[in-house]
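**Student:** Quick note on numbering: the sequence shown equals residues 9 to 259 in the working numbering.
Here it is, the structure in full.
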Amino acid sequence: MGRVFLILGGLCLLYYVGIIAYAGLRASFAGFWLALGAIFCLVAAACVFPPMQSAFQKIPGIVKLIISIGLALGAAWFLFLEVCIIGEMVSSQDEAMDYLIVLGAQVKGTRVSRALRQRLDQAVLYLREHEDTIVIVSGGQGQGEDVSEAEAMETYLVKAGIVKERIRREDKSVNTMQNISYSRELIEEEDASVGIVSNDFHIFRAVHIAKAQGINARGVPAPSSLGMYPHYMVREAFAVTKDLAFGNMVF
Numbered sequence: 009m010g011r012v013f014l015i016l017g018g019l020c021l022l023y024y025v026g027i028i029a030y031a032g033l034r035a036s037f038a039g040f041w042l043a044l045g046a047i048f049c050l051v052a053a054a055c056v057f058p059p060m061q062s063a064f065q066k067i068p069g070i071v072k073l074i075i076s077i078g079l080a081l082g083a084a085w086f087l088f089l090e091v092c093i094i095g096e097m098v099s100s101q102d103e104a105m106d107y108l109i110v111l112g113a114q115v116k117g118t119r120v121s122r123a124l125r126q127r128l129d130q131a132v133l134y135l136r137e138h139e140d141t142i143v144i145v146s147g148g149q150g151q152g153e154d155v156s157e158a159e160a161m162e163t164y165l166v167k168a169g170i171v172k173e174r175i176r177r178e179d180k181s182v183n184t185m186q187n188i189s190y191s192r193e194l195i196e197e198e199d200a201s202v203g204i205v206s207n208d209f210h211i212f213r214a215v216h217i218a219k220a221q222g223i224n225a226r227g228v229p230a231p232s233s234l235g236m237y238p239h240y241m242v243r244e245a246f247a248v249t250k251d252l253a254f255g256n257m258v259f
């Protein structure tokens, strides 16, 4: 059993390195895999070294039971959220909507990141198909960004052939809730239909945040990088839990 936990720990640590290589040191939530890898390695050590085995055996049975129940409930909640997230990862984009909100992501200097480019490319496909839809690019300026995400997104869309008159810029937001809230201020009609463009794993949370704010929203999912799915899916489950706890979204 110790060997199994050691292998799991090693895989988590390698995955952490892969995330950093792909997304950089500022990759959000990457530390989760580092911490999980360390926990697996610690459990592996506990399975091998007698002093650690003895310390574990001294833990009262009621404490072990509480921990076991907590882990079981946590796993059930996590699986439930994953089902919800996966359920929103594929949706029809045939319906014409009044507005399209493209949620921001990291900008490197003035260049859009791969994740943001995936969102923008999906938005371009939709906007070419629905020529009356207004697009709102949403995202402020963060650390390491020479321009706001909204400005970089607008530049990308214009280069892709979307006329500037169709684009509205929201450049104050720093998270998904603000993306939706500040973008809502740029929507003139109360009952407007709104498409939310983000990477597929993010659609569930974004749409339900929008619905909590009274927006008639539907998801327009963009693809994500295959190797990053484990990271994105785990991170999103924690993000959904946080937003539910703070009342930012509803089911």
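Ideal Cβ positions, reconstructed from N, Cα and C, are used throughout, including at glycine.
Only a predicted model underlies this, so the values are computations on that prediction, with no experimental measurement involved.
Tell me the DSSP bridge mates of Leu44?
**Tutor:** Numbered from its first residue, the sequence shown carries residue 44 at position 36. BP columns for Leu44 are empty, so no partner.
**Student:** Find out if the Cβ-Cβ distance for the pair Leu128, Leu165 is shorter than 8 Å.
**Tutor:** In the sequence shown, the residue the question calls residue 128 occupies position 120. In the sequence shown, the residue the question calls residue 165 occupies position 157. Yes.
**Student:** Among all the DSSP beta bridges, which residues are the ones paired with Val25?
**Tutor:** For the purposes of this step, residue 25 is taken as residue 17 along the sequence shown, with counting starting at 1. Note: Val25 sits in no beta bridge, so no partner.
**Student:** Is Leu16 closer than 8 Å to Val248 when the C-beta atoms are compared?
**Tutor:** Looking up residue 248 in the sequence shown gives position 240. Looking up residue 16 in the sequence shown gives position 8. Contact flag unset, no.
**Student:** Report the rounded CA-to-CA distance for Glu6 versus Asn256, giving the unit in angstroms.
**Tutor:** Residue 6 lies beyond the range of the chain shown here (9 to 259); nothing can be said about it.
**Student:** Using the C-alpha atoms, what's the distance from Phe86 back to Glu146?
**Tutor:** Numbered from its first residue, the sequence shown carries residue 146 at position 138. Numbered from its first residue, the sequence shown carries residue 86 at position 78. The displayed chain sequence assigns Ser, not Glu, to residue 146. Near 29 Å, if we compare the C-alpha coordinates of Phe86 and Ser146.
**Student:** Could you say which of Val205, Arg213, Val91, Ala63 lies nearest to Leu135 if we only look at CA atoms?
**Tutor:** Working through the sequence shown from its first residue, we reach residue 135 at position 127. Among Val205, Arg213, Val91, Ala63, the Cα nearest to that of Leu135 is on Val205.
**Student:** Short of 8 Å in beta carbon distance, which residues of its chain neighbour Tyr30, apart from the five on each side in sequence? Order them along the chain.
**Tutor:** Position 22 of the sequence shown, counting from 1, holds the residue named residue 30. So the qualifying residues of the chain are Ser233, Gly235, Met236.
**Student:** What residue from Val143, Gly18, Leu33 has the CA that sits closest to Lys116's CA?
**Tutor:** Here residue 116 refers to the residue found at position 108 of the sequence shown. Residue Leu33 holds the alpha-carbon nearest to the alpha-carbon of Lys116 among Val143, Gly18, Leu33.
**Student:** As a quick exercise: from Phe212, Leu50, Val228, Gly148, pick the residue whose alpha carbon is nearest that of Ala131.
**Tutor:** Translated into the one-based positions of the sequence shown, residue 131 becomes position 123. When each option's Cα is compared against that of Ala131, the closest is Val228.
**Student:** In terms of residue numbering, what span does the beta strand (DSSP E) encompassing Gly227 cover?
**Tutor:** Here residue 227 is taken as the residue at index 219 of the sequence shown, counted from 1. In the DSSP assignment, Gly227 falls within the beta strand (DSSP E) that extends over 224-230.
**Student:** Can you pull the DSSP bridge partners for Val205?
**Tutor:** Mapped onto the sequence shown, residue 205 falls at position 197. DSSP lists Val110, Val228 as partners of Val205.
**Student:** For Ile144, which of helix, strand or coil comes out of DSSP?
**Tutor:** Residue numbering aside, residue 144 sits at position 136 when the sequence shown is read from its first letter. In the structure shown, Ile144 adopts extended strand secondary structure according to DSSP, grouped into three states.
**Student:** Assuming the contact rule is C-beta atoms closer than 8 Å, Asp251 and Ile217 should be a hit. Round their C-beta distance to whole Å, please.
**Tutor:** If you number the sequence shown from 1, residue 251 lands on position 243. If you number the sequence shown from 1, residue 217 lands on position 209. Under the criterion of beta carbons closer than 8 Å, Asp251 and Ile217 qualify as touching, at roughly 7 Å.
**Student:** According to the neighbour-count rule (16 or more other Cβ atoms, all chains shown, within 10 Å of its Cβ), is Ile170 buried or exposed?
**Tutor:** Sequence index remark: in the sequence shown, residue 170 carries index 162 (1-based). So Ile170 ends up on the buried side.
**Student:** Pick out whichever of Val258, Pro238, Gln149 has its Cα sitting closest to the Cα of Tyr24.
**Tutor:** On the sequence shown, residue 24 is found 16 positions in, with the first residue counted as 1. Of the listed residues, the one whose Cα sits closest to Tyr24 is Pro238.
**Student:** Buried or exposed: where does Arg1 fall if 16 or more other Cβ atoms within 10 Å of its Cβ makes it buried?
**Tutor:** Residue 1 cannot be examined here, being either before or after the span of the chain that is shown, 9 to 259.
**Student:** Just verifying my parser: in three-state terms, what is the DSSP assignment at Gly117?
**Tutor:** For the purposes of this step, residue 117 is identified with residue 109 of the sequence shown, where counting begins at 1. In the structure shown, Gly117 sits in a strand (DSSP, three-state: E or B).
**Student:** Between the Cα of Ile142 and the Cα atoms of Arg122, Arg174, Gly152, which residue gives the shortest distance?
**Tutor:** Within the sequence shown, residue 142 is the residue found at index 134, counting from 1. The residue with the shortest Cα to Cα distance from Ile142 is Arg174.
**Student:** Check Ile175 in the structure and name its three-state DSSP category.
**Tutor:** Translated into the one-based positions of the sequence shown, residue 175 becomes position 167. Correct three-state label for Ile175: strand.
**Student:** So, is Phe209 buried or exposed, given that buried needs 16 or more other C-beta atoms within 10 angstroms?
**Tutor:** On the sequence shown, position 201 is the one that residue 209 refers to. Its Cβ being crowded by 16 or more others within 10 Å, Phe209 is buried.
**Student:** Which value, in whole angstroms, describes the spacing of the CA atoms of Arg226 and Val91?
**Tutor:** Start at 1 with the first residue of the sequence shown, and residue 226 comes out as number 218. Start at 1 with the first residue of the sequence shown, and residue 91 comes out as number 83. Answer to the nearest angstrom: the Cα atoms are 18 Å apart.
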